[in-house]
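**Student:**
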Amino acid sequence: MDVFKTTSGSVRGFRASADVVAVLGIPYAAPPFGANRFREPLPAPAWTGARDCTDFGPVAPQSAQLPGAPVWSPGEEDILTVNVWTPVPDGGRLPVLVWMHGGAYTFGSSAQPDFDGTVLAGAGLVLVTLNYRLGFEGFGHVPGGETAAYPDNRGLLDQVAALRWVRENIAEFGGDPDNVTIAGQSSGAASVACLMVMDRARGLFHRAIAHSAASPCYTLDIAAATTREVAAAAGCPATPEDLTSATPQALVMASDRVVEQYRRDPSSGSRHYDPSLYAPVLDGDVLRTDPLTGMSTGAARDVDLLVCHATEEYWLLDAVGSSAKITTDEQLALFAEDFGLSDGLVAGYRAVMPHAPVLDVYLAIFGDLLFGEYSNRLAEVHSQAGGRTYLSRFDRRRAGEDGVVRAWHCADIPFAFGNLNDDRLAFLIGGAPTPADRGLARRMVRAWAEFAATGDPGWPSVDNSTSHAKVWTTNDHPASDWPAAPRALWAEVGFPLLYA
113 MDVFKTTSGS VRGFRASADV VAVLGIPYAA PPFGANRFRE PLPAPAWTGA RDCTDFGPVA
173 PQSAQLPGAP VWSPGEEDIL TVNVWTPVPD GGRLPVLVWM HGGAYTFGSS AQPDFDGTVL
233 AGAGLVLVTL NYRLGFEGFG HVPGGETAAY PDNRGLLDQV AALRWVRENI AEFGGDPDNV
293 TIAGQSSGAA SVACLMVMDR ARGLFHRAIA HSAASPCYTL DIAAATTREV AAAAGCPATP
353 EDLTSATPQA LVMASDRVVE QYRRDPSSGS RHYDPSLYAP VLDGDVLRTD PLTGMSTGAA
413 RDVDLLVCHA TEEYWLLDAV GSSAKITTDE QLALFAEDFG LSDGLVAGYR AVMPHAPVLD
473 VYLAIFGDLL FGEYSNRLAE VHSQAGGRTY LSRFDRRRAG EDGVVRAWHC ADIPFAFGNL
533 NDDRLAFLIG GAPTPADRGL ARRMVRAWAE FAATGDPGWP SVDNSTSHAK VWTTNDHPAS
593 DWPAAPRALW AEVGFPLLYA
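Written out as structure tokens, the structure is:
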């Protein structure tokens, strides 16, 4: 039997393949509810005997229903769990990769089929994925929290607790606690960037992978204003006593109502276009500075960094209906005004895309605003501060039944994990994988494995610019070169973005 000892007790996994053992749903911290709600994570209670760990643990409170992933059920509380995939232990010590899932800090889980770790473990890694608090539970501001017991950025604190669990336990699974890489995509990648500049996370990892990092951080004023909106939607005052009395379900539903209000109101400012209520908070304690500023001072220069973004990020958000439809010049001008973008930037994108409809111009700008340009700047500032940095772009396209399958947000992750065969991922990658797709997946898996092992993914590092960027594409389709042109248009746009 595949039984491993942890600091809380023994766990029993199963063979995910002939050469890989999976151990799922291991508690790394106590359930964050009851007396523990809105507080820093506490150690997981101990157990006796071998705990059966063959199923994922419950997901964090959320309303999302993602393909192939479990949904949250009110009353499920043991949500702070990790999952481990490891090659059959042979007494050695393998590089460790710890994955932070994305989902706008509001939805998602480690149980999504994209994140199965069997292939990466087969490539010589010990792969760890985790759940952490989301939405108001993880990132909502509780008034008075800065001086009381309710810290901001509880989701980030959960991630730190999981990394401490890795440091204390991963050797039992054949992993090297002195060779840990953290990785994530979207808000998970932004979490990685935050962890790189957080004092509490220092020394818990040695390398970092950030795919399509989402740009915003929020000030305390913005976070407090969001709390007032959510509390009002929940029908309670925005006080610690009333917020802790509101059920997790009530705050999830209230958050959804606030999001819907923004969606329906074109005059509501930047949140109208894709309402994201929650983000890391610049609280002066857990997160003292935003990642760009922190990295520019050299706070993470000892951490090797691998950055990737897709070339058509925002087309996914349009396809799933989470973004406003901007189809007229007047709407596009208002969008630019709401985000403080110049007329010249919009005109520059029009020049690059002279025959594209307004919607496509909007999607291109918004994708670069939130993900592409921010990713480029993360790579640049880390390199300029003395950190070893690698940059890549995901530009895989192919013809599909409904036209060209785009290189959009999230499409790179099944390739990097080597998970192309699951039918539930067909929408992301545009149907059944081709031989060229499988070749691309093998190359991306190898790059992650080599970076986690040695700090070198196999191409030149960034040297004060983003000129040395690896382009991920299949051999049967040439890479697009249009994303390079708009970079100069962003020169006058200030990051980080602290909008609401």
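The sequence shown begins at 113 in the numbering used here and counts up one residue at a time.
Glycine included, every Cβ here is placed at the ideal spot set by N, Cα and C.
Owing to the predicted nature of the structure, the values given are computational and were not obtained by experimental measurement.
With DSSP collapsed to three states, give me the class of residue 311.
**Tutor:** As a first step, residue 311 must be located in the sequence shown, where it is residue number 199. The answer is helix: DSSP assigns residue 311 an H, G or I state.
**Student:** Under three-state DSSP, which class holds residue 416?
**Tutor:** Locating residue 416 in the sequence shown gives position 304, where the first residue counts as 1. DSSP places residue 416 in strand when its eight states are reduced to three.
**Student:** Short of 8 Å in beta carbon distance, which residues of its chain neighbour residue 361, apart from the five on each side in sequence? Order them along the chain.
**Tutor:** Translated into positions along the sequence shown, residue 361 becomes position 249. Excluding residues within five positions, the ones whose Cβ falls inside 8 Å are 173 and 186.
**Student:** Quick one: which unbroken beta strand (DSSP E) runs of 3-plus residues sit fully inside the stretch 114-147? Chain order, please.
**Tutor:** As far as the stretch 114-147 is concerned, its whole beta strand (DSSP E) runs of at least 3 residues are 115-117, 122-124 and 132-139.
**Student:** Taking only the alpha-carbon atoms, compute the straight-line gap between residue 268 and residue 343 and give it to the nearest angstrom.
**Tutor:** Locating residue 268 in the sequence shown gives position 156, where the first residue counts as 1. Locating residue 343 in the sequence shown gives position 231, where the first residue counts as 1. Taking the straight line from one Cα to the other gives about 22 Å.
**Student:** Scan the stretch 177-250 and note each continuous beta strand (DSSP E) run of 3 residues or more that stays entirely inside, going in chain order.
**Tutor:** 193-199, 206-212 and 238-242, all fully within the stretch 177-250.
**Student:** Rounded to a whole number of angstroms, what is the C-alpha to C-alpha distance between residue 299 and residue 324?
**Tutor:** Position 187 of the sequence shown, counted from the start, is the residue given in the question as residue 299. Position 212 of the sequence shown, counted from the start, is the residue given in the question as residue 324. Roughly 8 Å separates the two Cα atoms.
**Student:** Can you give the Cα-Cα distance for residue 329 and residue 388, rounded to whole angstroms?
**Tutor:** Translated into the one-based positions of the sequence shown, residue 329 becomes position 217. Translated into the one-based positions of the sequence shown, residue 388 becomes position 276. Each residue's alpha carbon lies about 11 Å from the other.
**Student:** Is residue 523 helix, strand or coil when you go by DSSP?
**Tutor:** Locating residue 523 in the sequence shown gives position 411, counting from the first residue. Three-state DSSP puts residue 523 in coil, outside helix and strand.
**Student:** Decide if residue 233 is buried, meaning its Cβ has at least 16 other Cβ atoms within 10 Å, or exposed.
**Tutor:** For this step, residue 233 is matched to residue 121 along the sequence shown. By the neighbour-count rule (16 or more Cβ atoms within 10 Å), residue 233 is buried.
**Student:** Considering only their Cβ atoms, is the gap separating residue 436 from residue 521 smaller than 7 Å?
**Tutor:** As a position in the sequence shown, residue 521 is number 409, starting the count at 1. As a position in the sequence shown, residue 436 is number 324, starting the count at 1. Cβ atoms of residue 521 and residue 436: not closer than 7 Å.
**Student:** Nearest by alpha-carbon distance to residue 336: which of 282, 264, 274 and 291 is it?
**Tutor:** Within the sequence shown, the letter at position 224 stands for residue 336. Closest option to residue 336, Cα to Cα, is 264.
**Student:** By Cβ distance, which residues of its chain are closer than 6 Å to residue 374, with the 5 residues on each side in sequence left out?
**Tutor:** Mapped onto the sequence shown, residue 374 falls at position 262. Once the five neighbours on either side are set aside, the close Cβ partners of residue 374 are 380, 383, 384 and 387.
**Student:** In terms of alpha-carbon separation, which member of 276, 146 and 199 lies closest to residue 133?
**Tutor:** By one-based count along the sequence shown, residue 133 stands at place 21. Nearest C-alpha to residue 133: 199.
**Student:** Under the assumption that residue 500 contacts residue 546 (Cβ atoms under 8 Å), give the Cβ distance between them as a whole number of angstroms.
**Tutor:** The residue labelled residue 500 in the question sits at position 388 within the sequence shown. The residue labelled residue 546 in the question sits at position 434 within the sequence shown. In fact, because the Cβ distance is near 34 Å, the residues do not count as touching under 8 Å.
**Student:** Please list the segments of the alpha helix (DSSP H) lying wholly inside the stretch 414-449, counting only runs of 4 or more residues, in order along the chain.
**Tutor:** Qualifying alpha helix (DSSP H) stretches, in chain order: 427-431.
**Student:** By the DSSP assignment, the alpha helix (DSSP H) with residue 289 in it spans what residues?
**Tutor:** Locating residue 289 in the sequence shown gives position 177, where the first residue counts as 1. Unbroken run through residue 289 is the beta strand (DSSP E), 287-297; no alpha helix (DSSP H).
**Student:** Which value, in whole angstroms, describes the spacing of the CA atoms of residue 275 and residue 439?
**Tutor:** Residue mapping note: residue 275 aligns to position 163 of the sequence shown, counting from 1. Residue mapping note: residue 439 aligns to position 327 of the sequence shown, counting from 1. Taking the straight line joining both Cα atoms gives about 45 Å.
**Student:** In chain order, what residues of the same chain have a beta carbon less than 6 Å from the beta carbon of residue 74, not counting five sequence neighbours either side?
**Tutor:** Any question about residue 74 goes unanswered here, given that the chain covers just 113 to 612.
**Student:** Return the Cβ separation of residue 326 and residue 482 in integer angstroms, given the expectation that the two are a contact with Cβ distance under 8 Å.
**Tutor:** Position 214 of the sequence shown holds residue 326. Position 370 of the sequence shown holds residue 482. Correct: roughly 6 Å between the Cβ atoms.
**Student:** Do you know offhand how far residue 605's Cα is from residue 252's?
**Tutor:** Within the sequence shown, numbered from 1, the residue matching residue 605 stands at position 493. Within the sequence shown, numbered from 1, the residue matching residue 252 stands at position 140. Distance between the alpha carbons of residue 605 and residue 252: 28 Å.
**Student:** According to DSSP, is residue 481 helix, strand or coil?
**Tutor:** Numbered from 1 along the sequence shown, position 369 holds the residue referred to as residue 481. DSSP places residue 481 in helix when its eight states are reduced to three.
**Student:** From the DSSP output, which residues share a beta bridge with residue 473?
**Tutor:** Position 361 of the sequence shown, counted from the start, is the residue given in the question as residue 473. Answer is none; residue 473 lacks a bridge partner.
**Student:** Who are the near neighbours of residue 531 in its chain, counting only those whose CB is closer than 7 Å to its CB and skipping five residues on each side?
**Tutor:** As a working mapping, residue 531 is identified with position 419 in the sequence shown. Cβ neighbours of residue 531 beyond the five flanking positions: 225, 226, 228, 231 and 537.
**Student:** Along the chain, where does the alpha helix (DSSP H) that runs through residue 376 open and close?
**Tutor:** Here the question's residue 376 lines up with position 264 in the sequence shown. First-last of the alpha helix (DSSP H) with residue 376: 360-376.
**Student:** Report the three-state DSSP secondary structure of residue 509 (helix, strand or coil).
**Tutor:** On the sequence shown, residue 509 is found 397 positions in, with the first residue counted as 1. In this structure, residue 509 counts as coil in the three-state DSSP scheme.
**Student:** Could you round the C-beta distance between residue 272 and residue 412 to whole angstroms and report it? I think they count as a contact, below 8 Å.
**Tutor:** In the sequence shown, counting from the first residue as 1, residue 272 sits at position 160. In the sequence shown, counting from the first residue as 1, residue 412 sits at position 300. Between residue 412 and residue 272 the Cβ distance is about 15 Å, and since that is not below 8 Å, they are no contact.
**Student:** When you compare only the Cα positions, how much space is there between residue 667 and residue 424?
**Tutor:** Lying outside 113 to 612, the shown extent of the chain, residue 667 is not represented and no answer is given.
**Student:** Can you list, in chain order, the residues of its chain whose CB lies under 6 Å from that of residue 125, leaving out five sequence neighbours each side?
**Tutor:** Along the sequence shown, read from residue 1 onward, the residue named residue 125 stands at position 13. Contacts found: 114, 133, 134, 135 and 165.
**Student:** What are the boundary residues of the beta strand (DSSP E) that residue 162 is part of?
**Tutor:** Numbered from its first residue, the sequence shown carries residue 162 at position 50. It spans 162-164 - the beta strand (DSSP E) in which residue 162 sits, taken as one unbroken run.
**Student:** Is residue 138 closer than 7 Å to residue 218 when the C-beta atoms are compared?
**Tutor:** Against the sequence shown, residue 218 aligns to sequence position 106. Against the sequence shown, residue 138 aligns to sequence position 26. The answer is no: Cβ separation not under 7 Å.
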